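Position in the sequence shown (from 1) plus 308 gives the number in our numbering. What follows is a short report on a single structure.
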Amino acid sequence: MALKVPADEMALYLDEVFPQVKGMFGIDRLDEDLLVMRLHAGEQHLRPGGTVSGPAMFSLADVAAYVATMARIGKEALAVTTNCSIDFMRKPVAGADVIAHARVLKLGRALSVTDVLLFSDGQPDPVARATLTYSLPPKSAA
309 MALKVPADEM
319 ALYLDEVFPQ
329 VKGMFGIDRL
339 DEDLLVMRLH
349 AGEQHLRPGG
359 TVSGPAMFSL
369 ADVAAYVATM
379 ARIGKEALAV
389 TTNCSIDFMR
399 KPVAGADVIA
409 HARVLKLGRA
419 LSVTDVLLFS
429 DGQPDPVARA
439 TLTYSLPPKS
449 AA
């Protein structure tokens, strides 16, 4: 499916609708096949033991699914997460960004399902895998 919102415009939109996460994420790639997004991991994202926390990784997976979906349907601020399943597979590398590879598996009228693999920057093996479902707002009758 062709993208309706390019990466640069999507980054600005994300800052506009979610100012609380401004500067926390970056878009490395956004095309019809794949979104690559990074969590700029800092002290605020660490848990005891010096690794990136589960909630920080969940945030990246959730925002990546949102961005991948919005890029395809257009700017719909009221889309919401209705389900998330996440498996944490290994400890992220301390001091490294976490990278999300997000693929939209199904995009319907009411729901979007996205698969997200999370990696420590520079590492080949995933640290987590998430599947997220977004509920899409109904199209207004125009």
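Just so it is clear, CB atoms sit at the ideal spot from N, CA and C, and this is done for glycine as well. Here the structure is a predicted model, which means the values were calculated and not measured.
May I have the straight-line CA-CA distance separating T377 from L342, to the nearest angstrom?
In this model, T377 and L342 are separated by some 11 Å (Cα to Cα).
Candidates R380, F396, A373, L426: which alpha carbon is nearest V266's?
What the structure shows of the chain is the stretch from 309 to 450, and residue 266 is not part of that stretch, so it cannot be assessed.
Separation of D433 from K312, as counted between CA atoms:
Their Cα atoms are separated by approximately 31 Å.
What residue from D395, A310, L354, D405 has the CA that sits closest to G430's CA?
The option with the nearest alpha carbon to G430 is D405.
Closest to G331 by CA distance: which of T441, R355, V371, G362 is it?
Measuring from the Cα of G331, the nearest candidate turns out to be V371.
Short of 7 Å in beta carbon distance, which residues of its chain neighbour G452, apart from the five on each side in sequence? Order them along the chain.
Beyond the ends of the chain as shown, which are 309 and 450, falls residue 452; an answer cannot be given.
If I measure Cβ to Cβ from K399 and keep anything under 6 Å in the same chain, skipping five residues before and after, which residues do I get?
Residues T359 of the same chain have their beta carbon placed closer than 6 Å to that of K399, with the five preceding and five following residues left out of the count.
Would you decide whether A438 is buried or exposed? Buried here means 16 or more other CB atoms lie within 10 Å of its CB.
Buried, by the Cβ-count rule.
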